[in-house]
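Undergrad:
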Amino acid sequence: MSSETLRNSSSSSISSLFSRFQDNEKVIECKKLVTKHIETKFLQADQLKLGCAVSTSNGDIAYHWPLENPNEHFEEGEVVGFIADANGKYALTKLSLQNCKEALLKGVISRSYYFEAQVPKDGRRSETICLMGVVPVQVKGSVCINDALYASPNHPGFAVSGYHLTEKELRGASLVGYAFSSQKVDNESEEGMVQAGVSVLESVSQCLHDLRLQKLKDVFEEKLEAVKHVQKKSKNCTCICFAVTILVFVLFSALLLQVFLPGSKLRYAVCSYGSLKGISKFFFMRNNGFINTDNVKNKLFKL
9 MSSETLRNSS
19 SSSISSLFSR
29 FQDNEKVIEC
39 KKLVTKHIET
49 KFLQADQLKL
59 GCAVSTSNGD
69 IAYHWPLENP
79 NEHFEEGEVV
89 GFIADANGKY
99 ALTKLSLQNC
109 KEALLKGVIS
119 RSYYFEAQVP
129 KDGRRSETIC
139 LMGVVPVQVK
149 GSVCINDALY
159 ASPNHPGFAV
169 SGYHLTEKEL
179 RGASLVGYAF
189 SSQKVDNESE
199 EGMVQAGVSV
209 LESVSQCLHD
219 LRLQKLKDVF
229 EEKLEAVKHV
239 QKKSKNCTCI
249 CFAVTILVFV
259 LFSALLLQVF
269 LPGSKLRYAV
279 CSYGSLKGIS
289 KFFFMRNNGF
299 INTDNVKNKL
309 FKL
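First residue of the sequence shown: 9, per our numbering; consecutive thereafter.
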């Protein structure tokens, strides 16, 4: 068309205009097109600007991750993460409690996205992972609304409610999201699907939070070990001081005993200082005529 601007006051006129060129596949070229209503199954645009809200029944934003292994297969709602191999190359892996700590990012396979990003241009196989939104998540056991969902301990790809995990398991668990719907089952090993709010950014935030907690734990354990070391040294010092005190008390008691006890070796040595060699014995007779000899130690001195 030669006109640079095509204006139509009703949706019926623009529909009839397009229908005239449908048979011979001609293209309408214009710099500006103004209309109140357009219906189409496919719209391709280099740049799109919207002045109002976008309405959709789907609930999340997803991005594509290329799949290197042709045997890899994932289903909607599976809990996945990016885990590095020995060469440092990341691969998409179904998560469980055992490998969730190795995952750089965590997410959920999505098929209900309203916006998909990073679509491979070379046609490679890829998988869509929920970046943010409300998506179906595969779960094991009963789940209530608002329950925190974590990677299952023994079933890769599934999530479980935090109430099914022990305190020890929760410390090493990986948060998937929060349940927006519930599931009640009699058998806790029964599988199902619930709607859950999921965010990769939340998993990143949790990783940073866990990292900070780990650093705080390391610092606390380091300080605790230092305190234990000081307490051990203080205890050893106290024991040594107590033993030395007991030893001094015993020695001092022995010295007092030698000083004040009659006939002690110390007093005998002091009395014998400067005496002559030899000893003297004394005999005395009682009134009954018997002669008794007493063991009396005597020292002779030269006058």
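The beta-carbon is built from N, C-alpha and C at its ideal position, and this holds for glycine as well.
Since Leu157 sits in a beta bridge, which residues does DSSP pair it with?
TA: BP columns for Leu157 point to Ser169 and Gly185.
Undergrad: Apart from the five residues just before and just after Ser134, which ones in its own chain have a Cβ nearer than 7 Å to its Cβ?
TA: The answer, listed in chain order, is His72, Trp73, Pro74, Leu75 and Pro128.
Undergrad: I'd like the list of long-range same chain contacts for Lys240, defined as Cβ closer than 7 Å, with 5 residues on each side in sequence excluded.
TA: Nothing meets the Cβ criterion.
Undergrad: Between the beta-carbon of Leu105 and the beta-carbon of Ala156, is there less than 9 Å?
TA: Going by C-beta atoms, Leu105 is not nearer than 9 Å to Ala156.
Undergrad: Take Ile153 as the anchor and find which of His163, Gly170, Gly165 and Leu139 has the nearest alpha-carbon.
TA: Checked all of His163, Gly170, Gly165 and Leu139; the closest Cα to Ile153 is Gly170.
Undergrad: By the DSSP assignment, the beta strand (DSSP E) with Leu221 in it spans what residues?
TA: Looking at the DSSP string, Leu221 is not in any beta strand (DSSP E); the run it does join, the alpha helix (DSSP H), is Val208 to Phe268.
Undergrad: Specify, as a first and last residue, the run of the alpha helix (DSSP H) that Leu139 falls within.
TA: No alpha helix (DSSP H) contains Leu139, which is instead part of the beta strand (DSSP E) from Ser134 to Lys148.
Undergrad: What are the boundary residues of the alpha helix (DSSP H) that Tyr276 is part of?
TA: Lys273 to Ser280 is the span of the alpha helix (DSSP H), which, as asked, contains Tyr276.
Undergrad: From the DSSP output, read off the bridge partner residues of Ala99.
TA: For Ala99, which the question treats as bridged, DSSP gives the partners Ile91.
Undergrad: If you count every other CB in all the chains shown that lies within 10 Å of the CB of Asp226, and 16 or more means buried, which is it?
TA: Under this definition Asp226 is an exposed residue.
Undergrad: So, at 6 Å on beta carbons, what are the nonlocal neighbours of Ala53 in its own chain, with the 5 sequence-adjacent residues on each side left out?
TA: Nothing listed; no residue qualifies.
Undergrad: Using DSSP with H/G/I as helix, E/B as strand and the rest coil, what is Leu113?
TA: Leu113 falls in the strand class under three-state DSSP.
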